[in-house]
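**Student:** Quick one: the structure is below, questions incoming.
Protein chains in written order, with our numbering: chain A, 1 to 127; chain B, 1 to 369.
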């Protein structure tokens, strides 16, 4: 799968997609490929305040546990309850149905500057 | 400093790599942890149809001679003398203090020939425990051969495994009953087949000559058997309540706290660790291997503390998400008073206390015809 070029990426293998004031957050295909079948996702309550690059949850496959670090900080306005109930959605498509959080950020532009574009992220994961 | 050693490879190594399996180090071997379809689909294949595992990394030790059986009964808690020809027994191998060196299957091939299949990670420990003793056996008469290199081993497991192997085996394979072993041709390859396994399903462990292992693997795959890796094997064995040595038990554990009393034959005349084990059994063990199912959200993992009223009362040795039961399950050593079915305690999952409830082992039992 190609890395979508409509969003920004962190070196912790999360993506951030801007839609007005709301930024959607998820994990990358590279992350799900490394993890294998996802069987558990732990996400915070909506309303929680988080800072950029903070740990916000955990994702587990059959064999491994990984911490989730948010690529953008702000107020969590929605969490994807579908991936909590059916974690395989993350494998199905981590860039669409497998999204994790929606964050409202006041300083989105400056936060996004600290992230990579798809090309830079592909270079990182090609290493 | 020990020299870095290259990982060992089974005769099926190229087959795994060519199929796109993800390879990992396991007990000094380069083994497939999963095939491209993923662990969950491999588990499903084994529970619903048939899957196969390369278990050639396990140790296969042969003991032959007029004193072979008496020697093994001196060293293993297995009552080999009580095992008729062509039968197999799961048992523990204990050191003189009663600590578990390994769990293994011994096959009584003939009157004076036995095969011992031990875990790959314990091959050296078992060899060191048995070989010097065999060489110094007071009565002589026992000859050891390590067959691990010349013989491969493929486990075919699942509700349709027997029917599928029958198609390749004119004997037929189904005439070999559970925990029996015999010689048979499978796909035209002279092999030894045993009706044993490590998944909770029916099936066989087939031992072909190493140079024909890939041929057998391909023949099984052509019959619809799904290749599966160590990841699926770990989920399957845990669902079936089977322990993994090195993970769920070590030489620090005795078979009574591990819940393996019925696989520990200590009354065989001449058994050297019998007295030590008898004393441990009679004294009673304060903790017991206990299965539990998570009530709250979270997956227990090896090393997580088991808590009750703020006190640690045990430790998790294995845990996973069980796709077959759609539940998060685990097992570990827990204070005996808290090991009864229905008892509740918490698992400390990376600092979060999550409720769990004791359930009977195994978690999963196949439907028997």
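No residue lacks a Cβ here, since even glycine has one placed at the ideal position from N, Cα and C.
Could you give the distance in angstroms between the alpha-carbon of residue 102(B) and the alpha-carbon of residue 156(B)?
**Tutor:** As a working note, residue 102(B) is residue 102 in the second chain. As a working note, residue 156(B) is residue 156 in the second chain. If you take the alpha carbons of residue 102(B) and residue 156(B), they lie about 23 Å apart.
**Student:** Which residues does DSSP list as the beta-bridge partners of residue 294(B)?
**Tutor:** Taking the second chain and counting its residues from 1, one reaches residue 294(B) at position 294. DSSP output for residue 294(B) lists 356(B) as bridge partner(s).
**Student:** With three or more C-beta pairs closer than 8 Å as the rule, is the region 95-115 of chain A touching the region 11-23 of chain A?
**Tutor:** Contact between the region 11-23 of chain A and the region 95-115 of chain A is present, because at least three Cβ pairs lie under 8 Å.
**Student:** With 16 other CB atoms within 10 Å as the buried threshold, where does residue 108(B) fall?
**Tutor:** By 1-based counting over the second chain, the position of residue 108(B) is 108. Label assigned to residue 108(B): buried.
**Student:** Determine, using beta carbons only, whether residue 89(A) comes closer than 8 Å to chain B.
**Tutor:** Walking along the first chain from the start, residue 89(A) turns up at place 89. Chain B, which has no Cβ nearer than 8 Å to the Cβ of residue 89(A), makes this no.
**Student:** Given a threshold of 16 other Cβ atoms within 10 Å of its Cβ, counted over all protein chains shown, does residue 325(B) qualify as buried or as exposed?
**Tutor:** To locate residue 325(B), count along the second chain from 1; it is residue 325. That one is exposed.
**Student:** Could you tell me which uninterrupted beta strand (DSSP E) segments, each at least 3 residues in length, are contained entirely in the region 273-351 of chain B, listed from first to last along the chain?
**Tutor:** As far as the region 273-351 of chain B is concerned, its whole beta strand (DSSP E) runs of at least 3 residues are 287-294, 305-308, 311-322, 327-335 and 344-349.
**Student:** If you measure from the beta carbon of residue 193(B) to each beta carbon in chain A, is any gap under 8 Å?
**Tutor:** Here residue 193(B) refers to the residue found at position 193 of the second chain. Chain A, which has no Cβ nearer than 8 Å to the Cβ of residue 193(B), makes this no.
**Student:** Closest to residue 125(B) by C-alpha separation, out of 217(B), 231(B), 93(B) and 243(B), would be which residue?
**Tutor:** Against the second chain, residue 125(B) aligns to sequence position 125. When each option's Cα is compared against that of residue 125(B), the closest is 93(B).
**Student:** When we look at the beta-carbon of residue 371(B) and count the other beta-carbons within 10 Å, is it buried (16 or more) or exposed?
**Tutor:** There is simply no residue 371(B) to check, as chain B begins at 1 and stops at 369 in what is shown.
**Student:** Is the region 43-61 of chain B touching the region 157-166 of chain B in the sense that three or more CB pairs, one from each, lie closer than 8 Å?
**Tutor:** Result yes; three or more Cβ-Cβ pairs closer than 8 Å.
**Student:** Counting only beta-carbon atoms, is residue 127(B) nearer than 8 Å to chain A?
**Tutor:** Locating residue 127(B) in the second chain gives position 127, counting from the first residue. No - not a single Cβ of chain A is within 8 Å of the one on residue 127(B).
**Student:** Give me the chain B residues within the contact set of residue 40(A), using Cβ-Cβ distance strictly less than 9 Å, ordered along the chain.
**Tutor:** If you number the first chain from 1, residue 40(A) lands on position 40. Within chain B, the residues near residue 40(A) are 297, 298, 299, 321 and 328.
**Student:** Is there a C-beta anywhere in chain A that falls below 8 Å from the one on residue 165(B)?
**Tutor:** The residue given as residue 165(B) occupies position 165 in the second chain. For residue 165(B), the answer is no, since every Cβ of chain A falls outside 8 Å of its Cβ.
**Student:** Do you know how far the Cα of residue 307(B) is from the Cα of residue 353(B)?
**Tutor:** Locating residue 353(B) in the second chain gives position 353, counting from the first residue. Locating residue 307(B) in the second chain gives position 307, counting from the first residue. Cα to Cα, the separation comes out at about 8 Å.
**Student:** May I ask which residues mark the beginning and end of the beta strand (DSSP E) holding residue 30(A)?
**Tutor:** Indexing the first chain from 1 puts residue 30(A) at position 30. Premise fails: residue 30(A) lies in the alpha helix (DSSP H), 29-35, not in any beta strand (DSSP E).
**Student:** Using a Cβ-Cβ cut-off of 7 Å (strictly less than) and excluding sequence neighbours within five positions of residue 128(A), which residues of its own chain qualify?
**Tutor:** Not covered by the structure: residue 128(A). The range shown for chain A is 1 to 127.
**Student:** Assuming residue 96(B) contacts residue 276(B) under a Cβ cut-off of 8 Å, what Cβ separation, rounded to an integer in Å, is found between them?
**Tutor:** Counting from 1 along the second chain, the entry for residue 96(B) is found at position 96. Counting from 1 along the second chain, the entry for residue 276(B) is found at position 276. The Cβ separation is near 6 Å, so the contact holds.
**Student:** How many Å lie between residue 34(B) and residue 63(A) at the Cα?
**Tutor:** Position 34 of the second chain, counted from the first residue, corresponds to residue 34(B). Position 63 of the first chain, counted from the first residue, corresponds to residue 63(A). One C-alpha to the other measures close to 10 Å.
**Student:** Which whole-angstrom value describes the C-beta separation of residue 376(B) and residue 77(B), a residue pair presumed to lie in contact below a C-beta threshold of 8 Å?
**Tutor:** Outside the shown range of chain B (1 to 369) lies residue 376(B), about which nothing can therefore be said.
**Student:** In this structure, does DSSP put residue 15(B) in helix, strand or coil?
**Tutor:** Here residue 15(B) corresponds to residue number 15 of the second chain, with the count starting at 1. In the structure shown, residue 15(B) sits in a helix (DSSP, three-state: H, G or I).
**Student:** Quick one: list the residues of chain A neighbouring residue 235(B), beta-carbon separation under 7 Å, in chain order.
**Tutor:** In the second chain, residue 235(B) corresponds to position 235, counting from 1. By Cβ distance, chain A contributes 62.
**Student:** Distance cutoff 8 Å, beta carbons only. Does residue 20(A) sit that close to anything in chain D?
**Tutor:** Judged by its chain identifiers, the structure shown contains no chain D, and its protein chains are A and B.
**Student:** Which parts of the region 2-77 of chain B are runs of the alpha helix (DSSP H), unbroken and 4 residues or longer, counting only runs that do not cross its ends?
**Tutor:** List check, alpha helix (DSSP H) in window: 13-18, 39-48 and 68-75.
**Student:** Considering just the uninterrupted stretch of the beta strand (DSSP E) at residue 77(A), what are its terminal residues?
**Tutor:** Taking the first chain and counting its residues from 1, the one referred to as residue 77(A) is at position 77. Note, residue 77(A): beta strand (DSSP E), 74-79.
**Student:** How many angstroms separate the CA atom of residue 37(A) from the CA atom of residue 140(B)?
**Tutor:** For this step, residue 37(A) is matched to residue 37 along the first chain. For this step, residue 140(B) is matched to residue 140 along the second chain. For residue 37(A) and residue 140(B), the distance between alpha carbons rounds to 53 Å.
**Student:** What is the rounded straight-line gap between the Cα of residue 349(B) and the Cα of residue 79(A)?
**Tutor:** Position 349 of the second chain, counted from the first residue, corresponds to residue 349(B). Position 79 of the first chain, counted from the first residue, corresponds to residue 79(A). Looking at the two C-alpha atoms, the distance is approximately 22 Å.
**Student:** Leaving out five residues before and five after residue 5(A) in sequence, what residues of the same chain have Cβ atoms less than 6 Å from its Cβ?
**Tutor:** Residue mapping note: residue 5(A) aligns to position 5 of the first chain, counting from 1. 118.
**Student:** Residues in the same chain with beta-carbon distance under 8 Å from residue 57(A), minus the five sequence neighbours each way, listed in chain order, please.
**Tutor:** Walking along the first chain from the start, residue 57(A) turns up at place 57. 41, 42, 43, 44, 67, 68 and 100, listed in sequence order.
**Student:** Under 6 Å Cβ to Cβ from residue 300(B), same chain only, skipping five residues before and after it: list those, please.
**Tutor:** Within the second chain, residue 300(B) is the residue found at index 300, counting from 1. Here the set comprises 316, 319, 330 and 347.
**Student:** By Cβ distance, which residues of its chain are closer than 6 Å to residue 260(B), with the 5 residues on each side in sequence left out?
**Tutor:** Reading the second chain from its first residue, position 260 is the one you call residue 260(B). The answer, listed in chain order, is 92.
**Student:** Give me the Cα-Cα distance between residue 20(B) and residue 84(B), rounded to the nearest whole angstrom.
**Tutor:** Stepping through the second chain from its first residue, residue 20(B) is reached at position 20. Stepping through the second chain from its first residue, residue 84(B) is reached at position 84. Taking the straight line from one Cα to the other gives about 43 Å.
**Student:** Give me the residue from 151(B), 351(B) and 359(B) with the minimum Cα distance to residue 340(B).
**Tutor:** What you label residue 340(B) is simply residue 340 of the second chain in a count that begins at 1. Comparing Cα positions, the closest option is 359(B).
**Student:** Hey, out of 127(B), 278(B) and 114(B), whose CA is closest to residue 98(B)'s CA?
**Tutor:** By one-based count along the second chain, residue 98(B) stands at place 98. When only C-alpha atoms are compared, the closest one is 278(B).
**Student:** Taking all protein chains shown into account, decide if residue 56(B) is buried (16 or more other Cβ within 10 angstroms of its Cβ) or exposed.
**Tutor:** For the purposes of this step, residue 56(B) is taken as residue 56 along the second chain, with counting starting at 1. Burial call: buried.
**Student:** Establish whether the CB of residue 435(B) and some CB of chain A are separated by less than 8 Å.
**Tutor:** Only positions 1 to 369 of chain B appear in this structure, which leaves residue 435(B) out of reach.
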